Amino acid sequence: MEIVVVTHGEMSKGLLHSCSMYYGKLHNVHPLCLLQDMDIKAFKEEFKTFVDGLGQRVLILCDVDGGTPYNTACEFAQNTSKEVAVMTGVNLPMLIDSIERTGSTVPLSELCNEIMVNTMTGIKIAQ
Numbered sequence: 000m001e002i003v004v005v006t007h008g009e010m011s012k013g014l015l016h017s018c019s020m021y022y023g024k025l026h027n028v029h030p031l032c033l034l035q036d037m038d039i040k041a042f043k044e045e046f047k048t049f050v051d052g053l054g055q056r057v058l059i060l061c062d063v064d065g066g067t068p069y070n071t072a073c074e075f076a077q078n079t080s081k082e083v084a085v086m087t088g089v090n091l092p093m094l095i096d097s098i099e100r101t102g103s104t105v106p107l108s109e110l111c112n113e114i115m116v117n118t119m120t121g122i123k124i125a126q
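For the sequence shown, numbering that gives the first Met the number 0 begins at 0 and goes up steadily by one.
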């Protein structure tokens, strides 16, 4: 499974940099950034070209529901023959959990549910 982290600004690069502290160089995790001065049409073309070049099983982690990165990922997922799943709310625990599951053969829809539950249970209020 390939993981694509797509965000507004360079947040995706920062998340991958932080994960490299745990894992070293990540070969199957890729950042894509929608920068402030980017043309939306060009971003969508870059996204499609990049993800088309990956394997047949792709998990896309986005920052915000309804944002351009998310909408672009959903549009791609609906129009490809690849097995693609899209999740929002990406954060470091979600990305780490996703990386830990890259070798899984569980269907992506089920995998996403597991990742979501794990990520949500990791949210705590300090006592």
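For glycine and all other residues, C-beta sits at the position ideal for the given N, C-alpha and C. Just so it is clear, the structure is predicted and the values come from calculations on it, not from any experiment.
Among the options, nearest to residue i - alpha-carbon criterion
i, options, result
"GLU9", "LEU25, ASN78, LEU31, CYS73", "LEU31"
"THR67", "GLY52, VAL50, ILE39, ILE59", "ILE39"
"VAL5", "VAL89, VAL83, ASN78", "VAL89"
Residue i - DSSP class collapsed to helix/strand/coil
i, result
"VAL116", "helix"
"ILE98", "helix"
Status (buried if at least 16 other CB within 10 Å, exposed otherwise) for residue i
i, result
"MET0", "buried"
"ILE95", "buried"
"LEU34", "exposed"
"VAL105", "exposed"
"MET93", "buried"
"TYR22", "exposed"
"THR71", "buried"
Bridge-paired residues (DSSP) for residue i
i, result
"GLU1", "VAL57"
Complete runs of the alpha helix (DSSP H) confined to the stretch 8-86 [at least 4 residues]: 10-22, 39-51, 67-77
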